[in-house]
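K.L.:
Same order as they appear, the protein sequences are chains A and B. Everything in the first sequence is counted per the numbering used here, starting at 1333 for the first residue and increasing by one. Everything in the second sequence is counted per the numbering used here, starting at 104 for the first residue and increasing by one. Beta carbons are placed, not taken as given, at the ideal position from N, Cα and C, and that holds for glycine. As the structure is a computational prediction, the values presented were derived from the model and not from experiment. One structure coming up, written as structure tokens, with questions to follow.
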Amino acid sequence: MRNRATPWFFLTPFLLAFTAFFITPVGYALYLSLFIKKRSGFGPAKNVFGGLTNYVRAFQDSDFLHSLLNILLFLVIQVPLMLLVATTLALILDSVKNGFAQRFFRTAFYLPYTVPGVIAGLLWGYLYSKNLSPLNQITGLKTDFLSSGILLFSIGNIVTWTWTGYNMITLYAALQNVPPDIYEAARIDGASNWNVTRYVKLPLLRPALTLTGIFSVIGTMQIFSEPFVLRPLGYVPDNITPNTYLYLAVARDGNFGYGAALAIVMALFTFILSGFFLRNVRGEA
Amino acid sequence: MKKTALKSAALLLSLALAASTAHAADPAFPKAPSGPVTLEVWSWVPGLDKTVAAFTKQYPNIKIKILNLGGGPATYTKLQTAIKAGSGAPDVAQVEYGFLPAFADTGGLADLSKYGAGDYKKYFVPWTWGQVSPDGQAVYAIPQDTGPFAMVYRDDLLKKYNIAVPKTWADYAKAAATVKTKSGGSVKFGNFYSTFAPWFMALAWADGGQFFQRQGDGWTQTLNNASAKKVLNYWNDLIKKGQVGTLAGFSADYWNAAGAGKLATNMEAAWGPGGYAGSLGTKSAGMWRAAPLPQWTAGSSVKSGNWGGSSNVVTTQSKNPEAATLFALWLNLSSSAVTADWNNGGLFPASDAGLALPALAVTSKNPSKFFGGQNISSVYAQASRGVNVNFQWAPWFPFVNDNFSKQIDKMLKGQFTPNQALDAWQAESLAYAKQNGFTVK
């Protein structure tokens, strides 16, 4: 009979790390989220047990709810656009026969992803400044890319610029894994290039598209560095994304309990969105 | 014989006393603890390690470990977290005046009056002590540097448009109109920093505006006070007429405009000119000058406000609060440290005697050199002595700071009048303070 302890023995390193770096912080956040600040007169605030007060406040906090709406807007506009561009690029790259051109464009498209988010934010900050922007100098317009009305779209542009190449690589890798005999069979059946793309490649890309879609949903929820880096250049609302709002609640306002509650709500929101996304994608299949 | 000895001793003593008031930049510091001590200091003052070398020479048993975690928010986040965690905080940290009450509110700052800091009040410019000791008893920090307000202007542009340096806000508005007409709108006379609440507050401060006040068991918040309304309406009017711009401070756009002669004046704190010299380099070098802040009433003594500047706090986690207090006092009162901080970091001293230090008056070096060799420190020293003493901040100021940008954004878009913007600023900040448990009206 095999020793029942053996699997556990091999699992120990993972379980230890998983407990220390995942379970414990989540548990601590849950614990923190139950405390509120109480004051009487002057002096430091006391942390007292507040039950679900922080959660009630989160759902009544119009600033926070607005930040979730911003994210939904992002999901409806930016994510599909980015995946569309990434898919198109991957398909083009897949059909390029020239080895050098393929390698060159693959690297070129991927390059923005290797630029750290903060640096990307700073670079775009320059490109967006009203009087110096080359975009404005070329078009002769005086667009203020950082005005609060279109700021969300400007940030969406940075995110698209950063992540399209990354998603393209994932989709491209999936295409490379398609056995060539499938294409051959399609050709023999008389399929045109367009038909191969539409009826062979795209359906085979579905799993990879689902994956990039899920990562984009989760990534969108975590947008932070772009708006934060743009803050010194103009008015960026506190609640432009849930993450900036959460960060300010903790780092600026010192309200760790409320910040923890917001983090839990955000995690649930991400969970629901991802589930919704998965369900719809599977439903079509 | 004995009598004369006593007399001469008394004479010597009085001479020594007289000397000590004359050289108040180097007062007698508290006694250093015996035995080895290491102090960790969080500060973003440039070149602080060089400044501190003189301290370790004088107090060889005290070792200073300096960590630069980045200016303002970058340091505050870590300090906030360390205080909350109960460990990991430094002995001494740099905190701006406006953010002091928020840190005092965490309970993580030591009351330095326990270590004799109260005796040193007289060595600082009066208004700075009000910033670190709002109730006049507990002392939360030692004042370090200051940002009294004055006006910087392009001498060449004012001459070109034949304008005298405006002494009152009425003159300033008239000059702004003239420049707009004569330049066809290509040169802005001034600039309104629409995302810098403390800049705006300093202008209202100069007019005696009060935004926060401790009263009884609670606070009074008056963000929409009469001075604030007067100041904001004044600037909004100039902005709407296109005479004043709204470029973001420290941005590439701003420096470009300032260097290219598209901007004639601005209101800047004492640490501002150093930034102009550093950021503009050779562009427009020698063309700038500084003058006292324009006044609301002609012929009145110069009244000013303050923007920025910082202090040194000692945390309750410090194991050597006496030594930490000694260090904070030395750093901000000794003539060697004040001189070094001015030379290396452009810190405009909070020390009263520090304002008269020869290093500040050197005109062959920046920032004065960039300002055409004018002794701009004397302009700012005069401004510092004209800063209203009773100005207070509140623990929830960090929120108020960000909320200002939101309301001004609406005002600039024409959705709010200046008064409506200030009323919304007051209302939203008040609601926030109440929600966070403060007793506030």
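What's the gap between the Cα of residue 514(B) and the Cα of residue 190(B)?
P.N.:
So the alpha carbons of these two residues sit roughly 44 angstroms apart.
K.L.:
Spatial neighbours of residue 1607(A) within its chain, please: C-beta separation below 6 angstroms, excluding the five flanking residues on both sides.
P.N.:
The answer is none, since no qualifying residue turns up.
K.L.:
Of the residues that make up the segment 486-520 of chain B, which ones have a beta carbon closer than 7 angstroms to any beta carbon in chain A?
P.N.:
Residues 501, 502, 505, 508, 509 and 512.
K.L.:
Is residue 216(B) helix, strand or coil by DSSP?
P.N.:
DSSP places residue 216(B) in helix when its eight states are reduced to three.
K.L.:
For residue 1548(A), would you say it is in contact with chain B, using Cβ-to-Cβ distances shorter than 9 angstroms as the test?
P.N.:
Not closer than 9 angstroms to any Cβ of chain B, the Cβ of residue 1548(A) fails to qualify, so no.
K.L.:
Determine the direct distance from the alpha carbon of residue 1418(A) to that of residue 1537(A), and round the result to whole angstroms.
P.N.:
One C-alpha to the other measures close to 12 angstroms.
K.L.:
Buried or exposed for residue 1517(A), please, with buried defined as at least 16 other CB atoms from any protein chain shown within 10 angstroms of its CB.
P.N.:
The residue is exposed, with fewer than 16 neighbouring Cβ atoms inside 10 Å.
K.L.:
State the DSSP-derived secondary structure class of residue 248(B), mapped to helix, strand or coil.
P.N.:
In this structure, residue 248(B) counts as strand in the three-state DSSP scheme.
K.L.:
Quick check: the segment 356-368 of chain B against the segment 221-228 of chain B, are at least 3 beta-carbon pairs closer than 8 angstroms?
P.N.:
These segments do not touch.
K.L.:
Can you give the Cα-Cα distance for residue 451(B) and residue 1415(A), rounded to whole angstroms?
P.N.:
Whole-angstrom Cα-Cα distance: 53 angstroms.
K.L.:
If you measure between the beta carbons of residue 354(B) and residue 1565(A), is that distance less than 9 angstroms?
P.N.:
In contact: residue 354(B) and residue 1565(A) (Cβ atoms closer than 9 angstroms).
K.L.:
Is residue 1342(A) buried or exposed, if buried means 16 or more other CB atoms sit within 10 Å of its CB?
P.N.:
Classification of residue 1342(A): exposed, given that the 10 Å Cβ count is below 16.
K.L.:
Answer with buried or exposed for residue 119(B), where buried requires no fewer than 16 other C-beta atoms within 10 angstroms of its C-beta.
P.N.:
Because the pLDDT at residue 119(B) is just 44, under 50, the model does not fix this residue reliably, and the value given afterwards should be weighed accordingly. Exposed, since its Cβ has fewer than 16 Cβ neighbours within 10 Å.
K.L.:
In chain A, which residues lie less than 7 angstroms from residue 367(B) when you measure between Cβ atoms?
P.N.:
Going along chain A, no residue has its Cβ under 7 angstroms from residue 367(B), so there is no contact; the nearest lies around 17 angstroms.
K.L.:
Would you tell me roughly how many angstroms separate the C-alpha atoms of residue 510(B) and residue 517(B), rounded to the nearest one?
P.N.:
Approximately 11 angstroms between the Cα atoms of the pair.
K.L.:
Flag this pair as touching only if the segment 203-216 of chain B and the segment 1360-1378 of chain A have three or more C-beta atom pairs under 8 angstroms; answer yes or no.
P.N.:
Flag = yes, the segment 203-216 of chain B and the segment 1360-1378 of chain A touch.
K.L.:
What does DSSP give as the partner residue(s) for residue 317(B) in the beta ladder?
P.N.:
Its beta-bridge partners are 322(B).
K.L.:
Is there a Cβ from chain B that is less than 9 angstroms from the Cβ of residue 1566(A)?
P.N.:
Answer yes: the Cβ-Cβ gap between residue 1566(A) and chain B drops below 9 angstroms somewhere.
K.L.:
Find the residues of chain B that neighbour residue 1462(A), judging by a C-beta separation of less than 9 angstroms, and give them in chain order.
P.N.:
By Cβ distance, chain B contributes 350 and 356.
K.L.:
Do residue 1556(A) and residue 1491(A) count as a contact pair if the criterion is CB distance below 9 angstroms?
P.N.:
Cβ distance not < 9 angstroms, so residue 1491(A) and residue 1556(A) don't count as in contact.
K.L.:
Could you work out which residues of chain A lie near residue 529(B), taking near to mean beta carbons separated by less than 9 angstroms?
P.N.:
Neighbours of residue 529(B) on chain A: none; closest Cβ ~17 angstroms, over 9 angstroms.
K.L.:
Tell me, please, whether the CB atom of residue 196(B) is closer than 9 angstroms to any CB atom in chain A?
P.N.:
So no, residue 196(B) is outside the interface.
K.L.:
Any C-beta of chain B sitting closer than 9 angstroms to the C-beta of residue 1458(A)?
P.N.:
For residue 1458(A), the answer is yes, since a Cβ of chain B falls inside 9 angstroms of its Cβ.
K.L.:
My output table needs one value for residue 1444(A): the three-state DSSP class, helix, strand or coil.
P.N.:
It is helical.
K.L.:
Identify the residues that DSSP records as bridge partners of residue 366(B): which are they?
P.N.:
DSSP output for residue 366(B) lists 291(B) as bridge partner(s).
K.L.:
Is there a C-beta anywhere in chain A that falls below 9 angstroms from the one on residue 132(B)?
P.N.:
False, the Cβ-Cβ gap to chain A never drops below 9 angstroms.
K.L.:
From what residue to what residue does the beta strand (DSSP E) around residue 197(B) run?
P.N.:
195-199 is the extent of the beta strand (DSSP E) around residue 197(B).
K.L.:
Just grab the DSSP bridge partners of residue 414(B) for me.
P.N.:
DSSP lists 198(B) and 246(B) as partners of residue 414(B).
K.L.:
Out of curiosity, what's the CA-to-CA distance linking residue 282(B) and residue 455(B)?
P.N.:
Rounded to whole angstroms, residue 282(B) to residue 455(B) spans 38 angstroms at the Cα level.
K.L.:
Using a Cβ-Cβ cut-off of less than 7 angstroms, give me the residues of the segment 1518-1534 of chain A that come near chain B, in sequence order.
P.N.:
Of all residues in the segment 1518-1534 of chain A, none has a Cβ within less than 7 angstroms of some Cβ in chain B.
K.L.:
Is residue 253(B) near residue 266(B), with beta carbons less than 9 angstroms apart?
P.N.:
No, these two residues do not count as a Cβ contact at 9 angstroms.
K.L.:
Using beta carbons (cut-off 9 angstroms, strictly below), is residue 1433(A) in contact with chain B?
P.N.:
Output row for residue 1433(A): interface = no.
K.L.:
Does residue 1453(A) get closer than 9 angstroms to chain B when you measure Cβ to Cβ?
P.N.:
Chain B, which has no Cβ nearer than 9 angstroms to the Cβ of residue 1453(A), makes this no.
K.L.:
Secondary structure at residue 1417(A), three-state DSSP: helix, strand or coil?
P.N.:
The answer is helix: DSSP assigns residue 1417(A) an H, G or I state.
K.L.:
Using the Cα positions of residue 318(B) and residue 306(B), report the straight-line distance between them to the nearest angstrom.
P.N.:
C-alpha separation (whole angstroms): 24 angstroms.
K.L.:
Quick one, which of 1603(A), 1588(A), 1601(A) and 1599(A) has its alpha-carbon nearest residue 187(B)'s?
P.N.:
Comparing Cα positions, the closest option is 1588(A).
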